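For any residue, its number in this note's numbering is found by taking its place in the sequence shown, counting from 1, and adding 301.
From the three backbone atoms N, C-alpha and C, an ideal C-beta is built for every residue, glycine too.
Remember, predicted model here, so these are calculated numbers, not experimental data.
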Amino acid sequence: QVDESPTHLVNVGDFWMSSLEISWDLYELFLYREIDSQQSDKQGEIEMKVDGVSAATMPYVNFNKPGHPVINLTEYAASTFCKWLTAKTGYFYRLPTEAEWEYACRAESKEAYSFGKTSSQLDEYAWYKNNSERTFQPSGQKRPNRWGLYDMHGNVAEWVIDAYAPNHYATLGTLSTDPVNFPESLYPRVVRGGSWSDNANELRSAARGFSSIDWKKRDPQFPKSLWWMTDATHVGFRIVRPKKLYNQSEMETFWGLPIEEY
């Protein structure tokens with residue numbers, strides 16, 4: 302694909318990544334905030350007040366199910382969950398960059414998929430158009446990649462931090478370190494991994510998807526919701542915790558700011 306070129310080398314710093322896409326069960330803890338008044342189990346060194354983190358609104362059309370990845374949420378909603386989790390634990394959590402996501406998906410593979418050159422084994426690793434029965438599925442039902450990460454191919458596409466630009470890779474040179482294309486506008490932003498509604502080719506490790514205003518086509522709010530996307534039942538997220546320590550300003554840059562949409 303044109304937007305996957307040119308081939309280039311990337312160095313990424315050490316990080317931990319959630320083995321599953323963030324579930325509705327976990328996101329509910331942030332949404333309802335029932336545990337915020339309980340004694341904190343914070344172990345990290347970051348000091349943030351939980352009550353200083355904006356609470357998400359309730360979804361007005363709720364497609365979410367226990368045991369399934371949370372869907373329909375905006376990138377801002379996913380990042381704010383990370384900010385809340387940081388305040389709860391004292392460790393810095395955020396969305397992965399596009400480079401980190403692909404590094405984790407590949408798990409050292411240089412082939413089209415983490416498991417090989419062709420899609421012949423895709424049914425073993427992914428929910429996609431041919432086997433999903435037209436909906437997302439419970440997390441962790443398929444085989445993980447060699448690093449123990451489930452559903453990197455398929456089920457729901459996953460938010461990353463980066464803005465989408467079809468020629469972005471051409472700006473990086475032959476070698477880059479921890480690249481990230483921080484967004485300056487609301488659309489388009491990158492999603493990775495493909496989803497339950499996509500064809501096999503769109504689940505490749507290098508395949509890039511991106512957001513569209515059409516994902517809020519039926520949003521009844523004015524301005525449109527900062528938190529939910531009525532027509533993005535194929536989009537969720539997973540999180541990373543970088544080993545590197547960041548200051549407050551740097552963390553805020555990764556979490557981003559809300560952009561109102563009229």
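Between Ser433 and Gly449, the C-beta gap is not smaller than 9 Å, which leaves the two residues out of contact.
Remark: C-beta atoms of Phe316 and Pro370 do not approach each other more closely than 9 Å. For Asp424, the CB contacts under 6 Å within the same chain, skipping 5 residues up- and downstream, are Asn432 in chain order. Inclusion of Phe555 and Leu396 in the CB contact set at 9 Å is warranted, their separation being smaller than that value. In the same chain as His535, and ignoring 5 residues on each side of it, the C-beta atoms closer than 8 Å to its own belong to Ile372, Phe437, Val457, Ala458, Ser496, Trp497, Ser498 and Asp499, in chain order. Straight-line spacing of the CA atoms in Ala427 and Ala533 works out to 19 Å. In terms of Cα proximity to Ser440, the closest of Ala413, Trp325 and Thr381 is Trp325. One alpha carbon belongs to Asn502, the other to Glu412, and they sit about 13 Å apart. Under DSSP, the beta-bridge partners assigned to Glu562 are Lys525. According to DSSP, Pro370 shares a beta bridge with Ser324. In this chain, the alpha helix (DSSP H) harbouring Arg407 covers Glu399 to Arg407. Gly314 is classed as exposed because its beta carbon has fewer than 16 other beta carbons within 10 Å across all chains shown. Taking the Cα of Glu329 as reference, the smallest distance to any Cα among Phe483, Asn363, Arg447 and Asp479 is reached at Asn363.
Per the C-alpha coordinates, the member of Leu374, Arg334 and Glu409 positioned closest to Lys389 is Arg334.
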